[in-house]
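Engineer: Please see the structure below; I have some questions.
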Amino acid sequence: MPARRIIACLDVKAGRVVKGVRFEGHVDMGDPVDLALRYRDAGADELVIYDITASAERRTIDYQWVSEIARHLDIPLCVAGGVRSIEQAISCLESGADKVSINSPALADPAFITALAEVAGSQCVVVGVDSRLVEGEWMTFQFAGAARAIKQTPRRMLDWIVEAKNRGAGEIVLNCMDSDGVREGFDITQLKAARARLSIPLVASGGAGAPDDFVDVFKEADVSGALAAGIFHSGATGIADVKRAVSTAGIEVRP
Amino acid sequence: MTVAVVKLGVGNTASVMFALDRLGAEARLTADPEEIAGADRLILPGVGAAAYAMERIKITGLREALVNFRRPILGVCLGQQLLFEESEEGGAATLGLLQGTVRRLPSSIAAPAPHMGWSRLAAVKPHPLLEGVKDGDYCYFVHSFACPIGEFALATCDYETSFSAIVGRENVFGCQFHPERSGETGRRILSNFLALPC
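Quick look at the structure:
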């Protein structure tokens with residue numbers, strides 16, 4: 000494994016970074032460019048900008064602010080939100096994103112993953128998966144960024160991530176909805192199950208509350224990266240605090 | 000000084016352009032053979048798969064301009080792989096500026112591929128391109144295929160296997176990682192590249 004990645008995610012709604020709890024009840028956290036630069040300087044290994052309502056509102060991410068953020072970054076940038084055509088994905092890449100994350104549109108049309116990987120290369124294609132336990136099975140959800148639009152799909156998470164990989168995804172970001180925003184730690188059980196099936200990188204998302212949560216998810220679930228939003232925005236925990244804890248536990252991170 | 004960044008079609012060339020802009024370099028994204036032949040520096044970024052990129056090079060008529068370029072040229076990611084003779088990716092015959100075959104990285108649940116993330120440079124050789132760069136410096140890699148190690152290796156990297164992280168021979172250079180996304184180390188390498196003597 001390369002150094003484990005600590006990834007800062009900016010959930011953006013109407014041009015502002017917001018924070019929700021279990022994907023609902025959003026609070027304003029600031030300007031996307033300001034926060035992106037703050038995380039770059041704090042040592043984030045990667046940034047994800049996620050336009051959370053784009054898919055539900057049938058639009059795509061704003062290329063102008065992708066470009067505005069990308070221009071200042073010397074770390075990788077992944078963008079997500081409403082990308083449902085090859086043209087839109089290419090526009091994101093041409094605006095300075097290094098990777099494009101697709102979620103609801105991939106569930107609606109799984110062939111989209113393959114088509115995108117063929118044009119842009121698998122390394123640019125991230126499949127985001129929103130999953131929650133339903134009657135003992137981890138099930139996938141669409142439109143998880145908007146409370147009114149959210150919809151369960153018939154696909155089981157463990158099947159879907161393998162299909163996504165086989166179709167050409169270069170990385171999976173697994174958002175564990177039951178732990179999202181609760182700050183009680185990552186969903187180790189779910190992530191461990193997902194990790195055991197994947198030969199592409201897996202990124203943990205949802206539930207980070209303290210530096211030790213990152214130590215646990217790397218040790219227990221062996222993920223390539225762990226993503227957090229809320230704890231970094233509020234300043235409750237800094238990226239440096241997380242890296243110190245992970246490194247002290249004997250896990251390699253970039254200083 | 001003019002820097003030409005080769006436009007092969009789709010891809011994240013914007014991040015390379017932004018990095019050059021941050022260094023104050025005047026860079027042009029172009030597929031024009033004349034403009035490329037006349038540039039002081041040439042950057043060949045990675046786009047899609049090797050076979051696709053070689054097809055684009057053929058269609059745009061850039062092969063001559065690339066192989067005959069005598070001032071410093073830098074291949075980035077797939078761009079470094081294209082400098083070699085052939086690639087297992089799609090069985091592509093590549094530019095042949097460096098000897099060897101680009102091979103697929105082993106992929107397993109224990110060692111996921113693509114190799115995606117920050118890894119350390121090793122066996123860094125003294126070279127003007129690597130002024131201020133040392134063993135253990137972290138760079139951002141994203142790749143499923145890797146270049147062999149030979150005389151030309153200026154630095155290596157280990158991920159299940161050892162491969163060339165940085166190559167250089169005469170005026171031909173390459174980085175397997177993305178210098179434009181590799182923080183201070185990447186900035187330094189790009190800056191050194193721009194400062195190389197012609």
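Going down the list, the sequences are from chains C and B.
Taking numbering that gives the first Met the number 0, the leading residue of the first sequence gets 0, the next gets one more, and so forth.
Taking numbering that gives the first Met the number 0, the leading residue of the second sequence gets 0, the next gets one more, and so forth.
Every residue gets a Cβ at the ideal spot worked out from N, C-alpha and C, and that includes glycine.
1. Could you name the residues of chain C that residue 32 (chain B) contacts, counting a contact when the two beta carbons are closer than 9 Å?
2. Report yes if the C-beta distance between residue 109 (chain C) and residue 162 (chain C) is below 8 Å; otherwise report no.
3. Taking just the CA atoms, how far does residue 204 (chain C) sit from residue 15 (chain C)?
4. For residue 200 (chain C) and residue 80 (chain B), what's the separation of their Cα atoms in angstroms?
5. Please work out which residues of its chain come closer than 7 Å, Cβ to Cβ, to residue 94 (chain B), disregarding the five sequence neighbours upstream and downstream, and give them in chain order.
6. Could you give the residue range of the alpha helix (DSSP H) that holds residue 91 (chain C)?
7. Can you pull out the residues from the region 89 to 117 of chain B whose beta carbon lies closer than 8 Å to at least one beta carbon of chain C?
8. My output table needs one value for residue 190 (chain C): the three-state DSSP class, helix, strand or coil.
9. Taking 8 Å as the CB-CB cut-off, is residue 14 (chain B) touching chain C?
10. Among residues of its own chain, excluding the 5 on either side of residue 122 (chain C), which ones have a beta-carbon nearer than 7 Å to its beta-carbon?
11. For residue 218 (chain C), report the span of its alpha helix (DSSP H) as first-last.
12. Helix, strand or coil for residue 175 (chain C) per DSSP?
13. Examine chain B for any beta-carbon lying closer than 8 Å to the beta-carbon of residue 200 (chain C), and answer yes or no.
14. With DSSP run on the structure shown, which of helix, strand or coil describes residue 177 (chain B)?
15. Helix, strand or coil for residue 107 (chain B) per DSSP?
16. For residue 104 (chain C), which three-state DSSP category applies?
17. Just to confirm the assignment, what range does the alpha helix (DSSP H) spanning residue 124 (chain B) have?
18. Check whether the Cβ of residue 121 (chain C) lies closer than 8 Å to any Cβ atom in chain B.
19. Please tell me whether residue 2 (chain B) and residue 50 (chain B) are closer than 8 Å, where the distance is taken between their beta carbons.
Structural biologist: Reading it off the structure:
1. Going along chain C, no residue has its Cβ under 9 Å from residue 32 (chain B), so there is no contact; the nearest lies around 22 Å.
2. yes
3. 20 Å
4. 22 Å
5. 65, 66, 81, 82
6. 85 to 93
7. 106, 107, 108, 110, 111, 112, 113, 114, 115, 116, 117
8. helix
9. yes
10. 169
11. 210 to 220
12. strand
13. yes
14. coil
15. coil
16. helix
17. Element bounds for residue 124 (chain B): n/a, residue is neither H nor E.
18. yes
19. no
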